[in-house]
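Notes for the one structure printed next.
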Ligand code: ADP
Ligand code: MG
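In the working numbering, the protein residues as written are 16 to 472.
See below:
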C-alpha cells in the first residue's frame with residue numbers, strides 16, 4: 016500500500032499498542048518501527064532497525080500487532096517486515112554513527128520468491144558451522160550448487176530452535192541471488208491452509224499452477240502433514256510433479272521421517288529418496304561462536320565472559336540462546352551496569368530453570384515425550400488407556416527409569432501408578448526395542464534430546 020496510507024493505519028495500531036503494553040516495552044520494540052510504502056496492495060510493510068528486531072517482533076509481538084490492526088478495523092492487512100539499516104535500535108548508539116555514514120538506502124526484501132518472505136538475516140554468511148550441523152550445511156550448499164541434481168529431495172530434521180529454518184531460508188536466498196529460477200519458500204502449515212482455501216473457493220487449478228511450476232520448493236516443518244490425509248494426497252502429487260521435472264524439493268521436520276505419525280507410506284519412502292540429514296544442538300564452542308557473531312552484528316555491548324556464561328547455561332535451543340543474549344544486552348544498556356554472573360543468573364533464571372528441568376526431572380521427561388508424540392502432558396498421568404497415549408506413557412516411564420536416579424515407586428507416583436506398572440513398562444519397551452529398529456531410533460533420539468541438555472555440574 017502507499018506510504019501515506021501505511022502510516023495512517025500504523026498510527027492507529029500504535030494507539031492501541033501503546034495502551035496495551037508498558038511504555039518501556041513500547042519504546043523499545045514498537046516505537047522504533049516505521050510504516051513504509053510498498054507496491055503490494057493490502058500489505059503493510061514495517062521497517063525495523065535490524066534482523067534481530069524482525070525476528071523478535073515476529074516471534075513475540077506479531078499476534079499483538081495483528082490484534083491492534085484488527086481493533087483499528089484493518090484485520091485483513093498482511094504484515095511484512097523490512098530491515099532498514101538506516102534505522103537504529105535504541106540500545107546501539109555506537110552503531111548509529113557507523114551506519115549513518117554508509118547508510119544504504121532501504122532495500123525491500125527481494126520478491127522473486129513465490130512463497131512467504133525470507134528473513135534477510137537467514138543467510139549462509141550468518142550461519143555458524145560446527146560439528147552439529149556440518150553435514151546439513153554441506154548438503155544445503157551442494158543443493159544450491161546443483162538444484163534438482165545433487166540430492167533430491169533434501170530432508171533436514173532436528174529439534175526446535177536448532178537452525179532448520181535458517182538453513183532452508185539461506186538456500187532460498189542463495190538461489191535467488193544467483194537468479195536460478197523461481198523459488199517458493201513456504202511452511203507446511205501455509206501449504207495446508209492454502210490448499211484448504213483453494214478447495215473451498217474452487218481454485219485448485221491456480222493452487223496447482225503455483226506449486227507445480229517452480230524450480231525450488233522449500234517446505235518448512237513438513238511434520239505438520241501428520242494425520243492430514245487430503246493434504247498429504249495433494250502434496251504427493253506436488254512432489255511427483257516437481258520431482259519428475261527435476262525440480263528441487265527441500266523439506267525440514269522436527270523429527271525423522273519414520274516418526275511422523277500417520278504419514279502415508281508412499282510419502283515416507285519418497286522423503287527418503289534423496290538425502291536425509293540431521294541437525295543436532297550446537298556444542299559449547301559453536302554456541303559461543305554464534306553468540307559472538309550476533310553480538311558483533313548488532314554491536315551489542317556484552318563481554319566475552321558473559322557470552323560464555325550464556326552458552327554454558329543455555330544448551331538446548333539456539334533460539335533461546337539468542338533470546339538470552341538480547342535480554343542480557345538490554346539489561347546492560349538500560350542500567351549501564353556490569354553483567355556479573357549473579358546478574359546473568361538472575362536475568363536468565365527462567366531459561367536456566369527450564370533447561371535444568373528438561374534434563375533432570377521426571378516431569379521434564381514426561382514433557383519431552385508428550386511433546387514428541389504430540390499428546391498432552393496431562394495424558395502422562397491420566398487413567399485412560401488408548402494405545403496412542405499408553406505407549407508414549409510407557410516410553411516416558413522407560414526413560415525415567417533409564418535416565419534418572421528416581422526409585423520405581425517415585426516414578427510410578429509421578430505417573431499416578433504403582434511401581435509394578437513402571438517395571439512392566441520398562442521391560443516391555445526394552446524387549447520391543449530388541450526387534451523394532453524404529454523404536455530403538457525413537458528412544459535414541461529422545462535420549463539425545465534429553466541428554467543434549469546435560470545435568471548442570
Ligand atoms: P528451527 O527452524 O530449527 O526451529 P531456526 O532456524 O528458527 O530453528 O533457528 C533459531 C534461531 O537460531 C534463528 O534465529 C537462527 O538464526 C539461529 N541459528 C540457528 N542455528 C544457527 C547457526 N548455526 N548460526 C547462526 N544462527 C543460528
Ligand atoms: Mg523452524
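Where is the CB? At the ideal position from N, CA and C, for every residue including glycine.
Exposure label - residue i; buried when at least 16 CB within 10 Å
| i | result |
| --- | --- |
| residue 391 | exposed |
| residue 262 | buried |
| residue 451 | exposed |
| residue 311 | exposed |
| residue 238 | buried |
| residue 108 | Note that residue 108 has pLDDT 37, beneath the 50 cutoff, so the model's placement of it is unreliable and no number is given. |
| residue 242 | exposed |
| residue 25 | buried |
| residue 246 | buried |
| residue 463 | exposed |
| residue 126 | Since pLDDT at residue 126 reaches only 38, below the 50 mark, its modelled position is unreliable, and the value read off the structure follows with that caveat. It is exposed - the Cβ of residue 126 has fewer than 16 other Cβ atoms within 10 Å. |
| residue 396 | exposed |
| residue 88 | exposed |
| residue 219 | exposed |
| residue 260 | exposed |
| residue 119 | The predicted position of residue 119 is uncertain, since its pLDDT is 42 and thus under 50; no value can be drawn from it. |
| residue 147 | buried |
| residue 459 | exposed |
| residue 42 | exposed |
| residue 184 | buried |
| residue 393 | exposed |
| residue 400 | exposed |
| residue 173 | buried |
| residue 84 | buried |
| residue 166 | buried |
| residue 330 | buried |
| residue 34 | exposed |
Which residues DSSP lists as bridging residue i, in chain order
| i | result |
| --- | --- |
| residue 266 | 170 and 234 |
| residue 59 | 94 |
| residue 49 | 62 |
| residue 255 | None, per the DSSP bridge assignment. |
| residue 128 | 198 |
Proximity to residue i [Cα-Cα], best of the options
| i | options | result |
| --- | --- | --- |
| residue 196 | 238, 442, 159 and 456 | 159 |
| residue 359 | 378, 351 and 325 | 325 |
| residue 323 | 299, 399, 459 and 198 | 299 |
| residue 476 | 234, 254 and 96 | Nothing in the structure corresponds to residue 476, since the chain is present only between 16 and 472. |
| residue 415 | 354, 314 and 427 | 427 |
| residue 188 | 32, 445, 129 and 51 | 129 |
| residue 99 | 82, 83, 149 and 52 | 52 |
| residue 228 | 284, 268, 430 and 256 | 256 |
| residue 32 | 343, 72 and 80 | 80 |
| residue 56 | 45, 17 and 172 | 17 |
| residue 265 | 249, 179, 315 and 338 | 179 |
| residue 454 | 399, 418, 83 and 388 | 388 |
| residue 380 | 430, 365 and 334 | 430 |
| residue 447 | 176, 72, 410 and 357 | 410 |
| residue 508 | 434, 85 and 135 | This structure cannot settle anything about residue 508, because the visible part of the chain is limited to 16 through 472. |
| residue 19 | 50, 28 and 44 | 50 |
| residue 145 | 420, 376, 313 and 303 | 303 |
| residue 193 | 162, 27, 365 and 92 | 162 |
| residue 199 | 93, 225, 357 and 72 | 225 |
| residue 285 | 296, 382 and 251 | 251 |
| residue 421 | 377, 406 and 21 | 377 |
| residue 12 | 437, 371 and 282 | It is not possible to answer for residue 12, since the shown part of the chain is limited to 16 through 472. |
| residue 142 | 92, 301, 352 and 279 | 301 |
| residue 231 | 65, 369, 405 and 191 | 191 |
| residue 65 | 44, 316, 28 and 402 | 44 |
| residue 244 | 271, 216 and 277 | 277 |
| residue 305 | 23, 133, 351 and 139 | 139 |
Inter-residue CB distance, residue i and residue j (contact presumed, cutoff 8 angstroms)
| i | j | result |
| --- | --- | --- |
| residue 186 | residue 155 | 5 angstroms |
| residue 181 | residue 137 | 5 angstroms |
| residue 413 | residue 385 | That belief does not hold up - the Cβ atoms of residue 413 and residue 385 are roughly 14 angstroms apart, past 8 angstroms. |
| residue 424 | residue 288 | About 49 angstroms separates the two Cβ atoms, so there is no contact after all. |
| residue 96 | residue 58 | That belief does not hold up - the Cβ atoms of residue 96 and residue 58 are roughly 11 angstroms apart, past 8 angstroms. |
| residue 340 | residue 309 | 6 angstroms |
| residue 151 | residue 60 | No, residue 151 and residue 60 are not in contact; Cβ-Cβ is about 32 angstroms, not under 8 angstroms. |
| residue 328 | residue 275 | Residue 328 to residue 275, Cβ: 32 angstroms. No contact. |
| residue 343 | residue 354 | 6 angstroms |
| residue 269 | residue 175 | 6 angstroms |
| residue 362 | residue 346 | 6 angstroms |
Within-8 angstroms CB hit, residue i to chain C
| i | result |
| --- | --- |
| residue 271 | Protein chain content of the structure displayed is limited to a single chain, and chain C is not contained in it. |
Whole beta strand (DSSP E) runs in the region 277 to 323 with 3 or more residues, listed along the chain?
290 to 293
Which full runs of the alpha helix (DSSP H) of 4+ residues lie inside the region 183 to 237, going along the chain?
203 to 215 and 219 to 227
Quick check for students: name the residue ranges of the alpha helix (DSSP H) that lie wholly in the region 400 to 457, counting only runs of 4 or more.
402 to 418, 423 to 429 and 434 to 450
Runs of alpha helix (DSSP H) wholly within the region 318 to 366 (minimum 4 residues, chain order):
319 to 328, 333 to 350 and 356 to 362
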